[in-house]
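Visitor:
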Amino acid sequence: MIRTIIERYCPPDKAAEMESLLVDMRTKAMRQHGYVSGETLRSLDDPSRWLVISTWLNAENWKAWQTNPERKEVSAKIDRLLAKPEKVSVFSFMRRGEADSAHTIDK
203 MIRTIIERYC
213 PPDKAAEMES
223 LLVDMRTKAM
233 RQHGYVSGET
243 LRSLDDPSRW
253 LVISTWLNAE
263 NWKAWQTNPE
273 RKEVSAKIDR
283 LLAKPEKVSV
293 FSFMRRGEAD
303 SAHTIDK
């Protein structure tokens, strides 16, 4: 499994539009093969800073979603709201023995 973290900066006066677009994006993502879960966070210290964290079965599923025309359409609308370009980071879970989970605790 992998986890993606997308960091975006959106002026607070555009927050309602941003939230609506992110809900639309997640609704579409939920129908994609390999999508596991997602959440949206907004910084308490900097209300212009947003994080979207999603979990995918593998990098190929994420890459397929990244190039999906539905995602590109919503992403273009989001881009117009941003104060600077988004930053996308992709992480894999640490393997511990046979487990492949963020919930695994080292013994």
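Note that the sequence shown ends on residue 309 in the working numbering; no numbers are left out. C-beta: ideal position from N, C-alpha, C; glycine also.
Less than 7 Å separating the Cβ of Glu272 from some heavy atom of the ligand COA?
Guide: Ligands displayed in this structure: none; no statement on the ligand COA is therefore possible.
Visitor: From Ser245 to Trp264, what distance separates their C-alpha atoms?
Guide: When rounded, the distance between both Cα atoms is 25 Å.
Visitor: Given Pro214, which residues of its chain have a CB within under 8 Å of its CB, disregarding the five upstream and five downstream residues?
Guide: Excluding positions up to five away in sequence, the list reads Pro249, Ser250.
Visitor: Helix, strand or coil for Thr257? Go by DSSP, reduced to three states.
Guide: DSSP places Thr257 in strand when its eight states are reduced to three.
Visitor: Mapping the DSSP letters down to three states, classify Leu246 as helix, strand or coil.
Guide: Leu246 falls in the coil class under three-state DSSP.
Visitor: Assuming contact is defined by CB atoms lying nearer than 8 Å, are Met203 and Leu259 in contact in what I supplied?
Guide: Against a cut-off of 8 Å, the Cβ pair of Leu259 and Met203 comes out as a contact.
Visitor: Is the beta carbon of Thr206 closer than 8 Å to that of Leu224?
Guide: For Leu224 and Thr206, no; Cβs fall outside 8 Å.
Visitor: Beta-carbon separation of Val254 and Ile208 under 8 Å?
Guide: Contact flag set, yes.
Visitor: How many Å lie between Lys274 and Ala231 at the Cα?
Guide: Going by the C-alpha atoms only, they are around 12 Å apart.
Visitor: Considering only the alpha carbon of each residue, which of Ser277, Thr269, Gly236, Glu272 lies closest to Arg210?
Guide: Checking every option, the nearest Cα to that of Arg210 belongs to Ser277.
Visitor: Which residue wins for smallest C-alpha separation from Glu272, given the options Phe295, Thr257, Gln234?
Guide: Nearest option by C-alpha distance: Gln234.
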